[in-house]
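There are 2 protein chains.
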Amino acid sequence: MLFALFIYFCRQPYLSSMNTLSEENYLKAIFSLTQKSEEKISPTAIAETMGNNAASVIDMLRKLTDKQLIEYDKKQGVRFTPKGLKDSILIVRKHRLWEVFLVEKLGFHWDEIHDIAEELEHVSNISMADRLDKFLGFPEYDPHGDPIPKANGKLPKPFTISLTEVTIGNTCKVGAVKDTSSSFLQYLLKLGIGIGSTIKVLERIDFDKSLVIQINGQHTNTVSQLFSENILIA
Amino acid sequence: MLFALFIYFCRQPYLSSMNTLSEENYLKAIFSLTQKSEEKISPTAIAETMGNNAASVIDMLRKLTDKQLIEYDKKQGVRFTPKGLKDSILIVRKHRLWEVFLVEKLGFHWDEIHDIAEELEHVSNISMADRLDKFLGFPEYDPHGDPIPKANGKLPKPFTISLTEVTIGNTCKVGAVKDTSSSFLQYLLKLGIGIGSTIKVLERIDFDKSLVIQINGQHTNTVSQLFSENILIA
DNA sequence: AAAAATAATTAGTTATACCTAATTTTATAA
DNA sequence: TTATAAAATTAGGTATAACTAATTATTTTT
């Protein structure tokens with residue numbers, strides 16, 4: 020009898036250990052917001068990153084709270100529970116590992132991989148991430164230069180200094196791109212800029228803060244401020 | 020005006036070129052039934068393979084018919100349209116290629132891969148199958164010995180002759196397993212039998228049609244009729 | 001401090017894909 | 001041929017996860 024009660028009270032939280040596709044996408048969006056800024060995470064902000072409706076977000080926040088993946092109140096915004104953080108990091112880990120796979124093993128270009136990895140990241144096998152990690156040789160950064168969470172959840176140091184901050188005359192290497200939209204990535208491809216490319220900053224135009232840069236010691240180009248802000252140096 | 024009408028009438032069938040997860044699972048189930056026997060494919064049979072309800076199947080058959088993936092009437096059962104067949108074969112192709120990947124590249128055992136491949140097979144990028152195929156060296160058979168459809172939709176010859184048909188005293192090689200359940204695959208693992216293993220049939224027991232076999236020229240074992248029926252020889 | 005704007009929330013609706021139960025149709029056996 | 005069983009189908013319902021529109025809270029501006 021007592022045992023039955025025990026079972027009864029243990030049911031709820033442990034039963035729902037797996038997350039739905041939709042839940043995973045919310046976790047990912049919330050995680051991405053925690054990385055992007057220090058501000059509190061609001062339903063509206065989540066709706067924006069997910070391209071959906073705040074009302075839908077509210078619904079889901081209730082669900083994620085019930086599953087003890089997040090805590091939410093209007094004052095503090097959304098915050099992860101330890102379990103929620105762990106789950107989110109695993110999704111990001113899988114996403115970025117699959118991106119490496121798609122580029123290194125299947126020969127996709129870096130502007131094609133995001134959407135594919137969005138599908139692959141949800142594959143639920145428990146040892147998948149670790150096996151993939153090993154197979155790929157434990158890469159630290161994905162093809163956009165984003166740090167890949169380790170098996171223990173730790174993230175390698177992300178690149179944070181943008182091309183706008185490089186002193187005139189200095190040379191640097193591209194560590195990551197901030198914007199990962201196809202249009203930006205394809206433009207970079209056209210300019211011959213990729214992760215590891217060498218960029219020498221020749222001149223800064225005061226008028227609009229555009230930069231004249233030399234790419235891989237070869238051709239020079241003028242690039243906009245927006246462009247420079249989205250190049251992070253190694 | 021006429022043009023607007025043209026657009027209007029063209030909408031429906033072409034709009035819905037991508038299939039949902041659920042639709043893909045039905046296509047796969049129907050395909051698997053076409054491979055297994057010559058009988059007409061009934062809603063009940065589909066419900067059985069999918070482990071769901073015949074009423075649900077009827078619903079989906081209507082949807083797949085609307086999308087021009089199948090044709091269905093009670094007399095003839097379910098049959099693919101060319102488009103439906105093409106889509107199904109692509110799913111099977113992806114499933115089996117991913118299975119090869121999971122075993123060859125990630126080191127999974129053959130009893131672990133089915134469910135993972137069920138998730139991977141739905142990844143929708145148009146060049147995924149072909150890139151994966153190339154990366155894996157264009158394998159002809161998956162880790163269970165099932166033929167992998169080629170890019171043009173053609174299937175390599177499947178293995179059809181079971182161990183029950185091997186003459187006493189003869190030696191054969193395992194080409195495929197019919198049953199791919201974990202319990203069977205794990206038992207085979209325990210016996211040291213895999214694809215390519217050598218089996219010599221030493222004796223047939225009249226009473227229950229069990230076989231005494233020698234595995235890889237080493238140890239001998241007695242196996243049931245059900246067991247032998249599920250080993251297909253190369 | 002009141003008005004206006006923005007954000008959060010609720011209420012009610014929709015589509016998908018499943019379900020059960022009841023009914024109709026078809027096939028099989030008496 | 002009729003009774004019975006099995007299969008197909010319909011009707012109606014559920015959960016998920018989205019939506020719109022309306023309402024309530026909270027900020028911001030005046």
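Protein chains in written order, with the working numbering: chain A, 20 to 253; chain B, 20 to 253. Glycine included, every Cβ here is placed at the ideal spot set by N, Cα and C. These numbers were taken from a predicted model, which means no experiment stands behind them.
Asked: Range of the contiguous alpha helix (DSSP H) that encloses residue 178/B; Found: Counting along the chain, residue 178/B falls outside any alpha helix (DSSP H), and DSSP gives it neither H nor E.
Asked: Coarse secondary structure for residue 195/B, derived from DSSP in three states; Found: strand
Asked: Cross-chain neighbours of residue 159/B in chain A, by beta carbon under 8 Å; Found: The premise fails here: residue 159/B is roughly 20 Å from chain A at the closest Cβ pair, so nothing lies under 8 Å.
Asked: Enclosing beta strand (DSSP E) for residue 233/A [first to last residue]; Found: 230-234
Asked: Per-residue DSSP class, three states only, for residue 29/A; Found: For residue 29/A, the predicted structure reports a pLDDT of 36, less than 50, and the residue's modelled location is therefore unreliable. A value from the coordinates is still provided. Of the three classes helix, strand and coil, the one that applies to residue 29/A here is helix, per DSSP.
Asked: Neighbour-count burial assignment, residue 247/A, 16 or more Cβ in a 10 Å radius; Found: buried
Asked: Check whether residue 103/A and residue 61/A have beta carbons under 8 Å apart; Found: no
Asked: Contact between the region 221-229 of chain A and the region 34-48 of chain B (3+ Cβ pairs under 8 Å); Found: no
Asked: Close-in-space but distant-in-sequence residues of the same chain around residue 152/A (CB under 7 Å, 5 per side omitted); Found: 116 and 170
Asked: 8 Å Cβ cutoff, residue 124/B in contact with chain A; Found: yes
Asked: Rounded Cβ spacing between residue 260/A and residue 187/A (contact assumed at less than 8 Å); Found: Outside the shown range of chain A, which is 20 to 253, sits residue 260/A, and nothing can be said about it.
Asked: Length at least 3, wholly inside the region 29-114 of chain B: the beta strand (DSSP E) runs in chain order; Found: 89-92 and 96-99
Asked: Cβ separation of residue 199/A and residue 141/A, assumed to be a contact under 8 Å, to the nearest whole Å; Found: With a Cβ gap of about 19 Å, residue 199/A and residue 141/A do not count as contacting.
Asked: Buried versus exposed, by CB contacts within 10 Å (16 or more), residue 81/B; Found: exposed
Asked: Rounded C-alpha distance that separates residue 150/B from residue 201/A; Found: 20 Å
Asked: Bridge-paired residues (DSSP) for residue 206/B; Found: Paired residues: none, contrary to the question.
Asked: Beta-ladder partner(s) of residue 242/A, from DSSP; Found: 230/A
Asked: Segment contact, 8 Å Cβ cut-off, at least three pairs: the region 115-132 of chain B with the region 71-86 of chain B; Found: no
Asked: Check whether residue 64/A and residue 52/A have beta carbons under 8 Å apart; Found: yes
Asked: Where residue 142/B meets chain A, residues with beta-carbon distance less than 8 Å; Found: 135, 138 and 139
Asked: Whole-angstrom C-beta distance between residue 88/A and residue 100/A, which should lie under 8 Å; Found: 6 Å
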